[in-house]
Amino acid sequence: MTAAVIDPYARVAASARWQFLYGLNPLAKVIGFAPAMVLLVFVRDLATPIAFLLLSYVIILIGARLTWRLLALLFVALPVGMVLIGGGFSLWVDAALVDDTAPVLQIGGWTLYSGALLIGFATALRLGSIVALALIGGLTTSGPDLVRASVQQLRVPYRIGYTALAAFRFVPRFGQELAVIRAAHRVRGYHGGRGPFARIARGWGYIVPLLAGAIRHAERVALAMDSRAFGAHSERTERHLVPFRTRDTVFTIASVLTSIAIFIAFFPWLLS
Numbered sequence: 003m004t005a006a007v008i009d010p011y012a013r014v015a016a017s018a019r020w021q022f023l024y025g026l027n028p029l030a031k032v033i034g035f036a037p038a039m040v041l042l043v044f045v046r047d048l049a050t051p052i053a054f055l056l057l058s059y060v061i062i063l064i065g066a067r068l069t070w071r072l073l074a075l076l077f078v079a080l081p082v083g084m085v086l087i088g089g090g091f092s093l094w095v096d097a098a099l100v101d102d103t104a105p106v107l108q109i110g111g112w113t114l115y116s117g118a119l120l121i122g123f124a125t126a127l128r129l130g131s132i133v134a135l136a137l138i139g140g141l142t143t144s145g146p147d148l149v150r151a152s153v154q155q156l157r158v159p160y161r162i163g164y165t166a167l168a169a170f171r172f173v174p175r176f177g178q179e180l181a182v183i184r185a186a187h188r189v190r191g192y193h194g195g196r197g198p199f200a201r202i203a204r205g206w207g208y209i210v211p212l213l214a215g216a217i218r219h220a221e222r223v224a225l226a227m228d229s230r231a232f233g234a235h236s237e238r239t240e241r242h243l244v245p246f247r248t249r250d251t252v253f254t255i256a257s258v259l260t261s262i263a264i265f266i267a268f269f270p271w272l273l274s
């Protein structure tokens, strides 16, 4: 029986890329909607963020794998978050600014006006649409692929890029080391009691060994990079290529044009 060798820096498996978003260059998914994400900060209406929210949902549902976690994120977590944020912002709106609108709720001397709800939920929709646009690339792109694309297409120095790849590898390693530390504490009979404060105390007890392990791992990585003459040459031969193909160009242009069309449709003043 042969053990499977897993390359933590390898690209997403071909079997997992039958939806079109997985086959796109990471930079195409970032550049395509980055202008819209910036401009959404400045809009104040409801229609524009709703349009981008619906566009994001359509692209994600068509181009990404529909797991239960993804569906829960899109149809439970994000809507509930927007409702909570919208309600919270509505409560903080100065009543003097919206007292000319219809009152919705009155408790004693405090009144919630419809204008405050409009402002609060407009803000929540802007935040939700920005998050949804970010999820287009975030749900279908691995961190190492984004780093590789930045090195290969944006000419980010590979010394910086592949140092970031090493940092990505730290994340699962921290999880493994944390499991080992917890098991060691259980074997030694160190429980610290029950309840939320006991959990916090146990968490503080994990910090020192985790930091020590991180320092040891960083030292080993630095020695390995030095022994391989990492950074001694101006260019590096790539093992995994992340090309920018015609379909990436088409997706980027189509995304930018669609964003412009939505802004023009709901903001006629852009044409003046």
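Residues 3 to 274 (the working numbering) make up the sequence shown, in order.
Even for Gly, the Cβ is constructed at its ideal location relative to N, Cα and C.
The model shown is predicted, which means the values in this text are computed figures rather than measured ones.
For Leu180, the closest alpha carbon among the candidates Arg204, Gly163, Thr50 is that of Arg204.
Considering only Gly177, Gln178, Val153, the residue with the shortest C-alpha distance to Ala166 is Val153. For Phe54, the closest alpha carbon among the candidates Phe170, Thr103, Ile132 is that of Ile132. Between Val32 and Asp147, the gap from beta carbon to beta carbon reaches 8 Å or more.
Burial check for Phe77: the Cβ neighbour count within 10 Å stays below 16, so the residue is exposed. Two segments are said to touch when three or more pairs of C-beta atoms, one from each, lie closer than 8 Å; by this definition the stretch 102-109 does not touch the stretch 59-76. The distance from the Cβ of Leu137 to that of Ile87 is about 16 Å, inconsistent with a contact at the 8 Å cut-off. Here Pro159 carries a coil assignment [DSSP, helix/strand/coil]. Within the same chain, no residue comes within 7 Å of Phe44 by CB-CB distance, once the 5 residues on both sides are set aside.
Thr50: not part of any beta strand (DSSP E); member of the alpha helix (DSSP H) spanning 49-65, first to last residue. Between the alpha carbons of Ala168 and Gly207 lies a distance of about 26 Å. Here Thr125 has Phe91 as same chain residues with Cβ atoms under 6 Å from its own Cβ, once five neighbours each way along the sequence are excluded.
Separation of the CB atoms of Leu41 and Phe246 is rounded to 24 Å, and the pair is thereby denied contact status at 8 Å. Contact annotation, Thr239 with Gly34: C-beta distance approximately 29 Å; criterion of less than 8 Å not satisfied.
Distance check between Ala38 and each of Gly130, Leu68, Leu114 places Gly130 closest, using alpha-carbon atoms only. The secondary-structure analysis by DSSP pairs Trp206 with nothing; it has no beta-bridge partner. The criterion of a C-beta distance shorter than 8 Å is satisfied by Gly122 and Val95.
For Asp101, same chain residues with a beta-carbon under 7 Å away, outside a window of 5 residues either side, are Tyr115 in chain order. For the pair Ile266 and Thr50, the CB atoms are not nearer than the 8 Å cut-off. In the structure shown, Gln154 adopts helical secondary structure according to DSSP, grouped into three states.
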